[in-house]
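In my numbering, the protein residues as written are 70 to 346.
Okay, structure coming up:
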């Protein structure tokens with residue numbers, strides 16, 4: 070069965086699910102994209118001056134609470150048709166190390182002008198106690214306080230040119246958080262990865278990180294230390310009030326495996342003023 074036909078069947082089945090059925094939620098999308106490349110561009114040299122793509126997608130979400138435990142599973146299905154699919158295949162870089170440990174995705178079509186794929190994007194179990202939170206499985210986490218850019222967000226961050234940021238890609242991870250009575254907390258994560266799909270876990274491809282936050286007077290402070298794919302990162306976040314507005318500053322210092330260093334920082338002021346009444 071061709072990808073387009075299979076996608077229609079799957080989307081029809083998904084949309085037929087009863088709304089609100091025991092923790093089920095469904096999100097669907099459809100879009101049409103068009104692009105005209107400059108005559109001197111790489112796209113034009115490859116024969117793709119004018120490209121089009123029709124895309125449809127659905128995300129099926131299920132979660133359930135059993136006492137202190139929460140179970141969560143998200144599956145997503147995507148299908149696309151058009152010349153932009155063939156162009157993307159030609160521009161795709163060589164595959165690097167897998168971004169997550171388990172491959173929970175599948176392709177339905179390899180035709181030049183169409184693509185269909187499905188994936189399990191969330192599959193986790195969480196325990197929430199009075200002071201302790203534990204979570205294992207495929208999940209997402211965001212660290213940092215920027216509006217569009219998060220230097221501290223080191224685990225599977227969004228691409229800088231990402232348009233749809235409704236759901237961050239899930240990654241296989243162990244997560245723990247301890248909450249103190251004064252509002253401070255400590256979070257730790259372990260993201261195992263392998264050098265190749267199906268390979269053994271390799272420390273140089275994995276991520277280990279710890280993050281602590283507390284309040285110091287009117288300031289909120291965060292300290293971060295991580296080892297990510299052989300690189301090391303240390304970060305500091307500060308935020309507080311500024312009159313009727315608020316500010317936050319974030320700095321992360323990277324020491325790469327080759328010995329070079331790269332700083333990353335931001336400073337934001339929000340709620341500084343309003344237009345109109």
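Where a beta carbon is used, it is the ideal one built from N, C-alpha and C, also for glycine. Quick caveat: nothing in here was measured; it's all calculated off a predicted structure.
Presumed contact (8 angstroms Cβ cut-off) between residue i and residue j, rounded CB distance
| i | j | result |
| --- | --- | --- |
| residue 239 | residue 208 | 6 angstroms |
| residue 139 | residue 195 | 5 angstroms |
| residue 122 | residue 102 | 5 angstroms |
| residue 293 | residue 307 | With 8 angstroms as the limit, residue 293 and residue 307 do not qualify as a contact, their Cβ atoms being about 12 angstroms apart. |
| residue 322 | residue 303 | 5 angstroms |
| residue 184 | residue 142 | Not really, about 24 angstroms apart at Cβ, beyond 8 angstroms. |
| residue 319 | residue 213 | 6 angstroms |
Own chain partners of residue i with C-beta closer than 8 angstroms, once the 5 adjacent residues on each side are dropped
| i | result |
| --- | --- |
| residue 340 | 313, 314 and 315 |
| residue 171 | 207 and 241 |
| residue 152 | 117, 119, 120, 121, 122 and 182 |
| residue 338 | 311, 314, 315 and 316 |
| residue 187 | 79, 144, 145, 146, 147, 174, 175 and 177 |
| residue 155 | 117, 181 and 182 |
Close Cβ partners of residue i (< 7 angstroms) along its chain, the five nearest in sequence each way excluded
| i | result |
| --- | --- |
| residue 200 | 247 and 248 |
| residue 198 | 137 |
| residue 264 | 166, 271 and 274 |
| residue 227 | 234 and 237 |
Unbroken beta strand (DSSP E) run spanning residue i, endpoints
| i | result |
| --- | --- |
| residue 153 | Where residue 153 is concerned, there is no enclosing beta strand (DSSP E), although the alpha helix (DSSP H) it sits in stretches over 152–160. |
| residue 309 | 300–311 |
| residue 246 | 240–248 |
| residue 282 | 276–285 |
| residue 93 | 93–105 |
| residue 251 | It is not in any beta strand (DSSP E) - residue 251 carries neither H nor E in the DSSP assignment. |
| residue 337 | 330–339 |
Three-state class that DSSP yields for residue i in the structure shown
| i | result |
| --- | --- |
| residue 132 | strand |
| residue 115 | coil |
| residue 325 | coil |
| residue 273 | helix |
| residue 222 | coil |
| residue 233 | coil |
| residue 81 | Low confidence applies here, because residue 81 scores a pLDDT of 44, under 50, leaving its location unreliable and the question unanswered by this model. |
| residue 290 | strand |
| residue 140 | strand |
| residue 214 | coil |
| residue 319 | strand |
| residue 108 | coil |
| residue 146 | strand |
| residue 265 | coil |
| residue 76 | No answer about residue 76 holds up, because its pLDDT of 42 lies below 50 and its placement is not dependable. |
| residue 124 | strand |
Residue i, enclosing alpha helix (DSSP H) - first and last residue
| i | result |
| --- | --- |
| residue 254 | From DSSP, residue 254 is part of no alpha helix (DSSP H) but of the beta strand (DSSP E) over 254–260. |
Other residues of its chain near residue i: CB distance less than 6 angstroms, five sequence neighbours each side excluded
| i | result |
| --- | --- |
| residue 298 | 274 |
| residue 70 | Legend: pLDDT at residue 70 = 38, less than 50; position of this residue unreliable, no value from coordinates given. |
| residue 237 | 209 |
| residue 309 | 287 and 288 |
| residue 325 | 300 |
| residue 327 | none |
Which full runs of the beta strand (DSSP E) of 3+ residues lie inside the stretch 162–211, going along the chain?
-> If we require 3 residues or more, the beta strand (DSSP E) runs fully inside the stretch 162–211 come out as 174–176, 183–197 and 201–208.
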